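S.K.: Structure incoming, see below.
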Amino acid sequence: GSRGSYNKNLRDMPASLMQSVGFSRTKSAPSYDAHSHSSAATSHAKKHNDAPSNAPKSGSLDKLHRMGLEAGAAHRRPVAEPVDPAVARNPLKAGCVYEVIPGRLAFSAHLDDDMTDREIAAHPELFFFSEGYQELYEPFCAEIGPVNLSVVHSFCGMLRQLLSEELLQERQLVYYSSMDSAERTNTAFLLSAFLVIDRKMSPEDAWAPFAAIGPPQGARGRRMAGEQAFETYRDATYSKKTYGLSVLSCLCGLHKALNLEWYDPLEFNQEAYDLLEDPSFADVHVLCPKFVALRGPSRRTERLNEGGYGFSATHYAPLLRDGLACVAVVRLNEA
Numbered sequence: 621g622s623r624g625s626y627n628k629n630l631r632d633m634p635a636s637l638m639q640s641v642g643f644s645r646t647k648s649a650p651s652y653d654a655h656s657h658s659s660a661a662t663s664h665a666k667k668h669n670d671a672p673s674n675a676p677k678s679g680s681l682d683k684l685h686r687m688g689l690e691a692g693a694a695h696r697r698p699v700a701e702p703v704d705p706a707v708a709r710n711p712l713k714a715g716c717v718y719e720v721i722p723g724r725l726a727f728s729a730h731l732d733d734d735m736t737d738r739e740i741a742a743h744p745e746l747f748f749f750s751e752g753y754q755e756l757y758e759p760f761c762a763e764i765g766p767v768n769l770s771v772v773h774s775f776c777g778m779l780r781q782l783l784s785e786e787l788l789q790e791r792q793l794v795y796y797s798s799m800d801s802a803e804r805t806n807t808a809f810l811l812s813a814f815l816v817i818d819r820k821m822s823p824e825d826a827w828a829p830f831a832a833i834g835p836p837q838g839a840r841g842r843r844m845a846g847e848q849a850f851e852t853y854r855d856a857t858y859s860k861k862t863y864g865l866s867v868l869s870c871l872c873g874l875h876k877a878l879n880l881e882w883y884d885p886l887e888f889n890q891e892a893y894d895l896l897e898d899p900s901f902a903d904v905h906v907l908c909p910k911f912v913a914l915r916g917p918s919r920r921t922e923r924l925n926e927g928g929y930g931f932s933a934t935h936y937a938p939l940l941r942d943g944l945a946c947v948a949v950v951r952l953n954e955a
């Protein structure tokens, strides 16, 4: 059957195939152990509240020590009334805090590090933090995302750990991005994906906090013409965008994958996923149990440019046949 096959294919991939071709690592997502909820992420930390001298200093809590875990006053806000997604009530404004999980998690966008410093100083009851996950998408052309499943997986592990940290139970966590439209869009996707994966919310409920945020507000309270709080995604070209893929549509796809068990956070083999996705090794994605997508093959294995490779059929054959149990290859472009 197809249920669970996505994870099984990656989990059962022979180790010899994982090491059969020499490769150099490119930019990839930090990883985490979904079973223990212990973050193994490399630090992409920007700025956090100052750390107290008595913060935990061992194991996976080293990063939390740098973020600062001093006890703070509980910060609770009234639960917002349901918002019609078609009518945005609050414009996006730098420094404003928009709740995602009432009293526990919020989103904000900052102009620069100076603004972050001011917000931390002005709101000691809040725990401001930011990681580099929203910056990990590397565009081919004019597209801005979304980030891949490995990034989503790591982000959820990091956020789950912080939300469960005992010394942060009485504080609201505020994840912030820059005001760059691509970064804030990918941040909104990551936060709402966490709600779908970890809090079992429907895509519509997970997106509702962001649907209630209107276009950016500029100087003197004027809304910035033509710009929305969050962009839609597009194809990887430089041509005029003719179709926008909404973040909500991406959440619907993620929700469907969870229901079909194509993605299981406890069984997901992140190492195998990152290796297959690595353009210096294979540039292969298992899209569903019956379909694998790849770029190529080329006439011979060679480096095409910085970060770009072409692979021959003999390079792909053992990986597709023995590692991913593929039985046929259909080439859609001309040779």
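Numbering (this note's numbering), first residue to last: 621 to 955. Glycine included, every Cβ here is placed at the ideal spot set by N, Cα and C. Since we're looking at a predicted model, the values are computed, not measured.
So, are the CB atoms of A1032 and L810 less than 8 angstroms apart?
M.R.: The structure shown does not extend to residue 1032, since the chain is modelled only from 621 through 955, so no value can be given for it.
S.K.: CA-CA distance, M735 and V772?
M.R.: Locating residue 735 in the sequence shown gives position 115, counting from the first residue. Locating residue 772 in the sequence shown gives position 152, counting from the first residue. When rounded, the distance between both Cα atoms is 27 angstroms.
S.K.: By how many angstroms is the C-alpha of G765 removed from the C-alpha of L924?
M.R.: Position 304 of the sequence shown, counted from the first residue, corresponds to residue 924. Position 145 of the sequence shown, counted from the first residue, corresponds to residue 765. Roughly 23 angstroms between the two C-alpha positions.
S.K.: Relative to the C-alpha of A714, which candidate in P722, A729, I721 has its C-alpha closest?
M.R.: The residue you call residue 714 lines up with position 94 of the sequence shown. Nearest option by C-alpha distance: A729.
S.K.: E755 to A762, Cα distance in whole Å?
M.R.: The residue given as residue 755 occupies position 135 in the sequence shown. The residue given as residue 762 occupies position 142 in the sequence shown. Whole-angstrom Cα-Cα distance: 15 angstroms.
S.K.: Give me, in chain order, the residues of the same chain whose beta-carbon lies closer than 6 angstroms to that of S801; leave out the 5 immediate sequence neighbours on both sides.
M.R.: Position 181 of the sequence shown, counted from the first residue, corresponds to residue 801. Around S801: E851.
S.K.: Return the CA-CA distance between A706 and G752, expressed in angstroms with no decimal places.
M.R.: For the purposes of this step, residue 706 is taken as the residue at position 86 of the sequence shown. For the purposes of this step, residue 752 is taken as the residue at position 132 of the sequence shown. Bear in mind that the predicted position of A706 carries a pLDDT of just 43, short of 50, making it unreliable; the figure below should be weighed with that in mind. A706 and G752: Cα-Cα distance of roughly 31 angstroms.
S.K.: Quick check: what's the CA-CA separation for D903 versus D737?
M.R.: Reading the sequence shown from its first residue, position 283 is the one you call residue 903. Reading the sequence shown from its first residue, position 117 is the one you call residue 737. So the two alpha carbons sit approximately 40 angstroms from each other.
S.K.: What residues match up with R923 in a beta bridge as DSSP calls it?
M.R.: As a working note, residue 923 is residue 303 in the sequence shown. According to DSSP, which records beta bridges pairwise, R923 is partnered with Y929.
S.K.: Give the straight-line distance between the Cα atoms of G834 and I721, rounded to the nearest whole angstrom.
M.R.: In the sequence shown, the residue the question calls residue 834 occupies position 214. In the sequence shown, the residue the question calls residue 721 occupies position 101. Those two C-alpha atoms are separated by around 19 angstroms.
S.K.: I'd like the list of long-range same chain contacts for R941, defined as Cβ closer than 7 angstroms, with 5 residues on each side in sequence excluded.
M.R.: Taking the sequence shown and counting its residues from 1, the one referred to as residue 941 is at position 321. Taken in chain order, the list of residues that qualify is empty.
S.K.: Please tell me whether V794 and F747 are closer than 8 angstroms, where the distance is taken between their beta carbons.
M.R.: In the sequence shown, counting from the first residue as 1, residue 794 sits at position 174. In the sequence shown, counting from the first residue as 1, residue 747 sits at position 127. Taking 8 angstroms as the cut-off, the Cβ atoms of V794 and F747 count as close.
S.K.: What's the gap between the Cα of C776 and the Cα of H743?
M.R.: Numbered from 1 along the sequence shown, position 156 holds the residue referred to as residue 776. Numbered from 1 along the sequence shown, position 123 holds the residue referred to as residue 743. In a straight line, the C-alpha of C776 is about 25 angstroms away from that of H743.
S.K.: Output the distance between the C-alpha atoms of H905 and A913, rounded to the nearest integer angstrom.
M.R.: For this step, residue 905 is matched to residue 285 along the sequence shown. For this step, residue 913 is matched to residue 293 along the sequence shown. For H905 and A913, the distance between alpha carbons rounds to 5 angstroms.
S.K.: List, from N- to C-terminal side, the beta strand (DSSP E) runs of 3 residues or more that fit wholly inside the region 697-768.
M.R.: 710-712, 718-721, 725-730, 746-749
S.K.: Work out the CA separation of Y929 and N768 for me, nearest whole Å.
M.R.: Within the sequence shown, the letter at position 148 stands for residue 768. Within the sequence shown, the letter at position 309 stands for residue 929. Those two C-alpha atoms are separated by around 20 angstroms.
S.K.: With C-beta atoms as the reference, is E719 less than 8 angstroms away from P836?
M.R.: In the sequence shown, residue 719 corresponds to position 99, counting from 1. In the sequence shown, residue 836 corresponds to position 216, counting from 1. Not closer than 8 angstroms, so no.
S.K.: Ignore the nearest five residues each way along the sequence and tell me which others in R915's own chain have a CB closer than 6 angstroms to its CB.
M.R.: Locating residue 915 in the sequence shown gives position 295, where the first residue counts as 1. D903, listed in sequence order.
S.K.: To the nearest angstrom, report how far apart M821 and R919 are at their CA atoms.
M.R.: In the sequence shown, the residue the question calls residue 821 occupies position 201. In the sequence shown, the residue the question calls residue 919 occupies position 299. Between M821 and R919, the C-alpha separation is close to 47 angstroms.
S.K.: So, are the CB atoms of A856 and F760 less than 8 angstroms apart?
M.R.: Translated into positions along the sequence shown, residue 856 becomes position 236. Translated into positions along the sequence shown, residue 760 becomes position 140. If you check the CB distance, A856 and F760 come in under 8 angstroms.
S.K.: Can you tell me where the alpha helix (DSSP H) holding Q789 begins and where it ends?
M.R.: Taking the sequence shown and counting its residues from 1, the one referred to as residue 789 is at position 169. From DSSP, Q789 is part of no alpha helix (DSSP H); its letter is neither H nor E.
S.K.: Measuring CB to CB, does I817 end up less than 8 angstroms from L886?
M.R.: Locating residue 817 in the sequence shown gives position 197, counting from the first residue. Locating residue 886 in the sequence shown gives position 266, counting from the first residue. Going by C-beta atoms, I817 is not nearer than 8 angstroms to L886.
S.K.: Taking C-beta to C-beta, are P909 and C872 nearer than 8 angstroms?
M.R.: By 1-based counting over the sequence shown, the position of residue 909 is 289. By 1-based counting over the sequence shown, the position of residue 872 is 252. No, they are not a contact pair.
S.K.: Tell me Y796's beta-bridge partners as DSSP assigns them.
M.R.: The residue given as residue 796 occupies position 176 in the sequence shown. S728, per the DSSP bridge assignment.
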